[in-house]
Amino acid sequence: MIQPEFKSLIDIVSNKLFRIPEYQRHYSWTQEQRADLFNDLKKLHQVQSKVTDRTHFMATVVCYQTKEIKTVGSTKHTVYEIVDGQQRITTLVILFKAIAKVVAKINTQQASREADDLHRLLVKEDDSLIILQNNHDNREILRKYLTKGAGPDSSALETNADKNLAQAIVDCEKFVDEWPDKIELLTLVKNSLFFVFHTVEDSGSVYTVFEVLNGRGLDVDWLDKTKSILMGLLHEYGTDDTGNNTIFKDHLVEHHRYWSDIYKHLGKHSIPGHEIIRFTATLNSDEIFGRNLGPEDSIIFFRRHCSTGADTSDKVRRIGEVTLWIKNVTEKLARLYGDFRRNSVTGITQARLLALAIMLRDDLSEADREILIDAWERVTFRIYGMYDKDSRSKLGDYVRAAKSIYNDSSLTVEGMKKLIKEIGSEYPIGKAIDILRKGDCYTGWQTSLRYFLFRYEEYLLTQDNSQLNTTEWTKIWKESPNNSIEHILPQGDNTPTLPQWKHFKPIAYKACLHQLGNLTLLTPGLNSEAGQNSFEIKLTVYNRVSLKHLNDVKQTRAGEVRMQWTENDIKERTEDMLKFASTQWDDAQ
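Just so we're aligned: 637 in this note's numbering is position 476 of the sequence shown, and the numbers increase by one with no gaps anywhere.
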């Protein structure tokens with residue numbers, strides 16, 4: 162049963178302890194959502210200067226009231242699991258702590274009392290209990306902040322969830338610092354922010370409450386919505402007409418574990434929830450179509466698949482099957498999103514779908530899977546990198562190939578490879594080479610260029626039996642391409658007029674500037690240091706980097722130190738790089 166109440170924030174958090182279950186999403190609010198919250202507070206403050214009793218409705222909060230009671234002194238605190246609203250509640254708890262830290266420094270009795278009251282609200286007795294126990298691996302970040310007032314060490318932030326939580330602390334403290342009257346801000350947050358607070362006492366009802374609220378216009382991420390629907394179906398099919406929910410309870414822990422694993426992956430990589438369910442439904446649907454299913458159609462497919470089971474047992478099995486599909490898709494997408502070196506070929510939605518289909522074929526050996534991923538990579542970079550086509554190109558071909566590879570167990574590795582190669586048959590390598598030879602290989606092509614140069618680096622290292630410098634490349638991948646791409650003949654309208662570059666006439670300068678052979682990579686920031694300096698000074702910067710593909714910039718083919726960088730050097734290096742490309746991204750082999 163859902164019991165809605167209209168309550169202020171202080172009424173909601175008093176005499177309660179909150180917990181965010183492991184099977185819920187990690188803290189994912191960004192600066193944009195927090196800025197919206199802060200703007201709401203500023204607007205409310207302005208309105209209250211004219212209408213003192215004005216309040217502000219923030220959102221709906223839904224909690225499952227557990228049977229756990231924690232006694233602190235003489236006060237009993239009920240433990241609530243937050244079903245919806247955890248992002249907002251987490252942010253407001255952090256804001257409370259940020260206010261408490263500042264108010265504690267104000268030298269008045271009132272401020273001292275307010276700070277003490279806030280601390281007792283947030284931290285109970287001997288620091289063993291805090292008002293909000295968040296989930297996943299970053300729970301210690303929140304605990305440390307609430308108990309000690311200390312944010313995390315930036316070097317220890319490993320996941321997106323860690324970084325989001327750490328940034329929330331920074332943002333809240335900055336907002337509080339900029340607010341003129343801290344006590345006034347505390348009064349505003351405690352007493353003027355109102356919520357519709359729903360408490361659910363039946364654990365099974367937790368999984369249907371989202372659907373009720375969605376019907377009232379509540380905005381929920383598509384993956385969260387899918388989870389609630391599947392768990393709601395599990396409760397529905399796992400409970401008989403007499404109310405016996407033994408089947409539901411027997412499967413509950415298992416499903417919680419699945420969703421906990423899913424959200425752990427999302428804490429490390431920013432994967433859109435709608436993409437996870439669209440890809441899952443598209444690959445598993447029996448229908449043949451040339452596009453990904455939309456999120457609403459995906460949910461319809463999941464419902465239909467689960468509800469058409471032969472009996473209760475089969476329906477429950479199908480719910481588990483769909484959840485496992487989603488879990489497996491999330492795991493493989495996390496690998497794709499975490500593969501920085503392939504981000505030029507994973508930036509197109511349908512390309513990710515095809516790579517995902519290959520990765521999901523558990524019956525393939527690792528060697529065969531790599532053969533197929535290599536074929537996919539060649540075709541995809543040729544189409545969307547070298548030919549620079551947009552996401553409308555070959556959409557249907559990629560989707561159909563993905564569905565065939567995922568579903569057709571009779572396909573041999575050669576058959577799958579043929580399907581992949583056919584996608585790129587209209588985009589031959591010869592024409593791709595001509596496009597790069599004549600084109601601008603920098604403007605709007607930075608991500609593809611970085612990928613190209615990485616593959617070129619790998620090739621040169623293989624020729625020399627050398628190892629990749631992972632330290633330098635990790636720095637390069639983590640930054641924007643613009644922070645590491647270097648023009649050897651430097652950019653700048655005045656470059657041809659500079660004494661060190663006057664051997665380039667304006668027409669030649671314009672023709673050479675963005676040619677492939679004039680572009681290289683440096684570790685982030687060194688390109689700015691090299692700047693418009695002479696080639697001799699640039700070499701001193703280049704010599705601080707061990708990247709192999711810089712060797713043909715530092716030295717001539719005869720192995721001598723270059724004294725100058727000329728138009729002919731650029732053309733010569735361009736042809737060397739294109740010769741490599743003609744093999745690297747040709748799928749004739």
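C-beta atoms are modelled at their ideal positions from N, C-alpha and C, and glycine is treated no differently.
- L394 sits away from C333, with the two beta carbons spaced by 7 Å or more.
- Going by C-alpha positions, S446 is about 7 Å away from F462.
- Residue range T510 to M520 is occupied by the alpha helix (DSSP H) that includes T510.
- In this structure P667 is exposed. Its beta-carbon is surrounded by fewer than 16 other beta-carbon atoms within 10 angstroms.
- Within the DSSP secondary-structure output, K237 pairs in a beta bridge with T232.
- Leaving aside the five residues that flank M547 on each side, the residues in its chain whose CB is nearer than 7 Å to its CB run, in chain order, A593, I596, L597 and W746.
- With contacts defined by Cβ atoms closer than 7 Å, V540 and I590 do not form a contacting pair.
- Shown here for Q209: same chain residues with a beta carbon closer than 6 Å to its own, the five before and five after excluded, namely R215 in chain order.
- Using a Cβ distance threshold of 7 Å, T608 and S689 do not count as a contacting pair.
- Across the structure, G605 and A518 are spaced so that their CA atoms are roughly 29 Å apart.
- Per the DSSP secondary-structure output, V208 pairs with nothing in a beta bridge.
- Counting only the Cα atoms, S175 lies some 30 Å from K425.
- When Cβ pairs closer than 8 Å are counted between the two stretches, the stretch 685 to 701 is seen to touch the stretch 714 to 727, the count reaching three or more.
- The three-state reading of DSSP puts H359 in strand, counting E and B together.
- According to the DSSP assignment, F665 belongs to no alpha helix (DSSP H), since it is labelled neither H nor E.
- In the three-state scheme derived from DSSP, where H, G and I count as helix and E and B as strand, M724 is classed as coil.
- In this structure, R180 and V240 form a Cβ contact; the two beta carbons are roughly 6 Å apart against a cut-off of 8 Å.
- Straight-line measurement puts the Cα of S695 at about 43 Å from the Cα of K429.
- For I646, the uninterrupted beta strand (DSSP E) segment begins and ends at I646 to H648.
- When secondary structure is reduced to three states using DSSP, E640 falls in the coil class, being assigned neither helix nor strand.
- Scanning D601, Q511 and Q628 for the CA closest to the CA of K671 turns up D601.
- The Cβ neighbour count for N295, taken over all protein chains shown within 10 Å, is at least 16; the residue is labelled buried.
- For H710, the closest of L680, N405, W726 and L307 by C-alpha to C-alpha distance is L680.
- Residue range T473 to Y498 is occupied by the alpha helix (DSSP H) that includes T473.
- Taking each of E345, I243 and Q226 in turn and checking the Cα distance to A272, the smallest one comes out for E345.
- Assigned with DSSP and collapsed to three states, E690 falls in helix.
- L178 has V240 as its beta-bridge partners, per DSSP.
- Between L494 and V560 the beta-carbon gap is near 16 Å, outside 8 Å, which marks them as no contact.
- Residue nearest to W638 within the set T727, G499, E538 and E728 is G499 (criterion: CA-CA distance).
- The beta carbon of E633 lies closer than 6 Å to those of T684 in the same chain, with the five residues before and after it left out.
- A direct Cα-to-Cα measurement between P341 and P660 gives close to 55 Å.
- When C-alpha distances from L708 are compared across C673, F741 and R616, the shortest belongs to R616.
- The Cβ atoms of H417 and P165 lie no closer than 7 Å to each other.
- Straight-line spacing of the CA atoms in L677 and M738 works out to 8 Å.
- I171 is the residue among T213, L610, I584 and I171 whose C-alpha sits nearest the C-alpha of L347.
- Beta-bridge analysis with DSSP links T221 to V357.
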